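Participant: Using this note's numbering, you'd call the opening residue of the sequence shown number 3 and step up by one each time.
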Amino acid sequence: MKKRLKLFSTFILISSLVGVVSCNNDNPNSNEVSSTETSSTQETSSSSNQVKDEYSVTYNLNYEGAQDARVVTVKNGKRATNWKATRPGYSLVGWYTDTACNEESKFDFSNYVTSDLVLYAKWLKDAAKYTVTFNFNYEGNQDVATVTAEEGKTISTGSIPECSRLGFEYEGWYLDKECTQKWNFESDTISGDLTLYAKYQYDSSIPRNDDGSIKYENVSVNVWIGSDFGSKSYFETLAKQFNKDHLGEITVNITTSLDQDSHSLRIQQTPGVNNTYTTYYPAMDVMSLAGVSFDASDFYSEAIRENYVSGTLYTIPLVGSIPYIVYNKELMTKYNTYDHLPSNYTEFLTVLKAAYEGERTTNPSFTSIVTNGSWTFKEATSQAAFLQNDAEYYVYKDGQYVNTWGDDNANAKTAINNFYELLGFGGQAHGSGGVSVNEYADTTAIDNVVNKTSLLGIVNMGVASNSSAMANSNAIGVLPLSGLFADADKQNANQIPYHQISIEFFKAKNVSMTQIAAGALFVDYVSKNTASFAKSGFYPLRKSVVESKEFKDSANPNVKFLKQVGDPNNFRTLDGHVSEKPIMNVTVAETYLPEVYYWENKDEVASLAEQIKQAINSQL
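1) Which whole-angstrom value describes the C-beta separation of Asn420 and Tyr347, a residue pair presumed to lie in contact below a C-beta threshold of 8 angstroms?
2) Once DSSP output is grouped into helix, strand and coil, what is the label at Thr135?
3) Starting from Ile448, follow the alpha helix (DSSP H) in both directions and report where the run begins and ends.
4) Counting Cβ pairs closer than 8 angstroms, one from the stretch 198-212 and one from the stretch 161-174, do we hit at least three?
5) What does a CB cutoff of less than 8 angstroms around Ala608 pick up in its chain, not counting 5 residues either side in sequence?
6) Look up Glu39 in the DSSP assignment and say whether it is helix, strand or coil.
7) In the structure shown, what three-state DSSP assignment does Gly174 receive?
8) Just checking my contact of Leu576 with Tyr395 at CB under 8 angstroms: how many whole Å lie between their CB atoms?
9) Return the residue from the list Glu106, Asn619 and Asn143 that minimises the CA-CA distance to Tyr404.
10) Kindly indicate the opening and closing residues of the beta strand (DSSP E) around Gly237.
11) Alpha carbon to alpha carbon, how far is Thr197 from Lys647? Give it in angstroms, no decimals.
12) Since Tyr61 contacts Leu121 with CB under 8 angstroms, what's their CB separation in whole angstroms?
13) Looking only at its own chain, which residues have a Cβ that is under 7 angstroms from the Cβ of Tyr114, when we skip the five neighbours before and after it?
14) Report the three-state DSSP secondary structure of Lys77 (helix, strand or coil).
15) Spell out the partners DSSP gives His501 in its beta bridges.
16) Cα separation between Asn1 and Leu523?
17) Count the other CB atoms, across all protein chains shown, that sit within 10 Å of the CB of Pro344; report buried if there are 16 or more and exposed otherwise.
18) Compute the Euclidean distance between the alpha carbons of Ala557 and Phe296, then round it to the nearest angstrom.
19) Hey, is the stretch 249-258 in contact with the stretch 215-233, meaning 3+ C-beta pairs nearer than 8 angstroms?
20) Give me the residue from Ala151, Ser189, Val223 and Lys184 with the minimum Cα distance to Ile518.
21) Exposed or buried, what is Ala510 when buried is set at 16 or more other beta-carbons lying within 10 Å of its beta-carbon?
22) For Val254, which residues in the same chain have their Cβ closer than 7 angstroms to its Cβ, ignoring the five residues on either side in sequence?
23) Counting only runs of 3+ residues fully inside the stretch 162-220, write out the beta strand (DSSP E) ranges in chain order.
24) Quickly, what does DSSP pair Asn123 with across the bridge? List them, please.
25) Threshold first: 4 residues or longer. Then list the alpha helix (DSSP H) segments lying entirely within the stretch 358-415, N to C.
26) Please name the residue, chosen from Tyr358, Ala357 and Ile505, that lies closest to Ser229 on a Cα-to-Cα basis.
27) If we count the other Cβ atoms within 10 Å of its Cβ and call it buried at 16 or more, is Phe301 buried or exposed?
28) Where do the N-terminal and C-terminal ends of the alpha helix (DSSP H) with Ile618 fall, by residue?
29) Whose C-alpha, out of Gly539, Lys530, Lys554 and Tyr600, is nearest the C-alpha of Val294?
30) Using the beta-carbon count (16 or more within 10 Å), is Pro542 buried or exposed?
31) Helix, strand or coil, according to DSSP, for Lys1 in the structure here?
32) Okay, do the stretch 469-485 and the stretch 315-331 touch, 3+ Cβ pairs below 8 angstroms being the bar?
33) Provide the residue span of the alpha helix (DSSP H) that contains Thr335, from first to last.
34) Which one of Pro596, Lys545 and Thr593 has the shortest CA to CA distance from Asn2?
35) What does the alpha-carbon distance come out to for the pair Leu291 and Ser534?
36) Distance check for Leu622 and Gly459, CA to CA, integer angstroms please.
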């Protein structure tokens, strides 16, 4: 009986052991050590099958010169991170368990980590990327477009820029400027940086001669003058000569009666154009259509800038109406202690104060400086104050119009202070007298200077004032407006704001491209012959005209007088913007500066400068 009992016990023990082994084999983590195992069992296990709480995962970048391998720790039964490693010029394909990166060894990051791992990066060399430059390939258009394309691939059709040219039809893109090797966007592939050139065909609606030039036969060009200022007769004279030179080809008609449908050329103040610039053809496109070689550098750089709207030249500058100062020669000699006429704000204020203090005792009605109520006060003086103090209302920068006064408005505050001192009711130049804003016309201001009731007056060079000035040339002299509102440490101290007359190409409904091209010939002719306008007080804005013998040697008294109003390199308007006139007149000159004019103190200068900036920004 005892023997049977011993055998039964042995059987039970063996059965229990078998059960333990069976349970361990059902565990998905078959390498894990059972919680019932002893430390002695762990010590006798093979190290390769050792179950750990965590494992190391080594990421080997797997290329020569790579940084050291990255080693991370992953808890047993957790997933490893798919590290998005980078390599210049390559793209990561994946991670593999062998250094050769055979496809069957690619590691699946959805699997659990149950052992130490070494993973090897597989790289694919990126396709080289090259720049494709699209050159629009005609005189007057300096614009280019660029796209990026991959080596060995075609250029995406969606990245090809639109190409148009006034009076021409686009034909395709070519590898050479002469357009003999056409690029096939469907099959040609990229192998390096390249430039493609646009090719055009003549617009079949425009008649041409055998040599390709436009054929003009009894073509009529109607020119509307929207800004006369006494200039109509000079345009008419130039038109007569032009018509004589183009007899049977082109006839130019000058009128002040506007016909929206038939007037292809318009002459007016440039800011007026900026408000409706989309109704005009870009000037360079028209010049190119007509085959006219147009050199923008022949115009004074400061003068031509207003003719650009958002970086595109829409109008051609002709002449300018320049504000200036007339002074009484006798009084200036008496009170100017410098060996030259005042040329900056400090000198200017000093002379004005001396004259006021010296003359007021014997002449109670004396005012050191007078102006008129027209644009000369609103624009010339207000814009000069801000412009000359490096606080111009806005600039065109990085493709947009912005105000650049800065957070402290320091230059703007200086401009306001200087304006107040020179023209304000309580400014040092006048004591408590101040400037009459609306009383004087140009001729009256000149009369005040001649009669010694004022030292000087701000007037406008043009038909309104030059005859009066000429009649009194022995008693008065000319003082350029340069620098009088700022000292010499300012970048724009010498610049003079002025009115400009320009000419532009209107998109009239009933005007053909042939008429537009004919108009370009007339524009080119007028801009090269503006010396005659100087006789009525308008300054030519083309360098070659000012340097011509006709202008330099002119004996006309008006021309002689005009040459004293300042350096044309300093004549300055604002860059073309649709809100230029509202900003200049309504926002600044009419809304804010009259307040400055009547200030009893200057405590509000900081807040006023900020208000002006915000008002300007609201219109940009």
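Even glycine gets a Cβ: it sits at the ideal position worked out from N, Cα and C.
Predicted model only: the values in this text are computed from it and were never measured.
Facilitator: Concretely, from the data shown:
1) 6 angstroms
2) Strand.
3) Counting along the chain, the alpha helix (DSSP H) containing Ile448 begins and ends at Asp444 to Val452.
4) yes
5) Asn411 and Lys415
6) Reliability of the predicted coordinates at Glu39 is poor, the pLDDT of 33 falling under 50, and the value obtained from them is presented with this limitation in mind. Here Glu39 sits in coil by DSSP.
7) It is a strand residue.
8) 6 angstroms
9) Reading off the sequence shown, one finds Val at residue 404, where the question assumed Tyr. Ranking Glu106, Asn619 and Asn143 by Cα distance to Val404 puts Asn619 first.
10) Per the sequence presented here, residue 237 reads as Phe, with Gly not at that position. Not the beta strand (DSSP E): Phe237 falls in the alpha helix (DSSP H), residues Lys234 to Asp247.
11) A question about residue 647 goes unanswered here, because the residues of the chain that appear run from 3 up to 622.
12) 5 angstroms
13) Gly79, Lys80 and Arg81
14) strand
15) Ser323
16) Here the chain comprises residues numbered 3 to 622, so residue 1 is not present and cannot be evaluated.
17) Label assigned to Pro344: buried.
18) 30 angstroms
19) By the criterion of at least three beta-carbon pairs nearer than 8 angstroms, the stretch 249-258 is in contact with the stretch 215-233.
20) Val223
21) buried
22) Val223, Val225, Ala241, Phe244, Asn245 and Phe524
23) 170-176 and 196-204
24) Per the sequence shown, the amino acid found at residue 123 is Ala instead of Asn. For Ala123, which the question treats as bridged, DSSP gives the partners Trp97.
25) 384-389
26) Ile505
27) buried
28) Val607 to Asn619
29) Nearest C-alpha to Val294: Lys530.
30) Buried, by the Cβ-count rule.
31) Residue 1 cannot be examined here, being either before or after the span of the chain that is shown, 3 to 622.
32) yes
33) Lys331 to Tyr337
34) Outside the shown range of the chain (3 to 622) lies residue 2, about which nothing can therefore be said.
35) So the two alpha carbons sit approximately 28 angstroms from each other.
36) 33 angstroms
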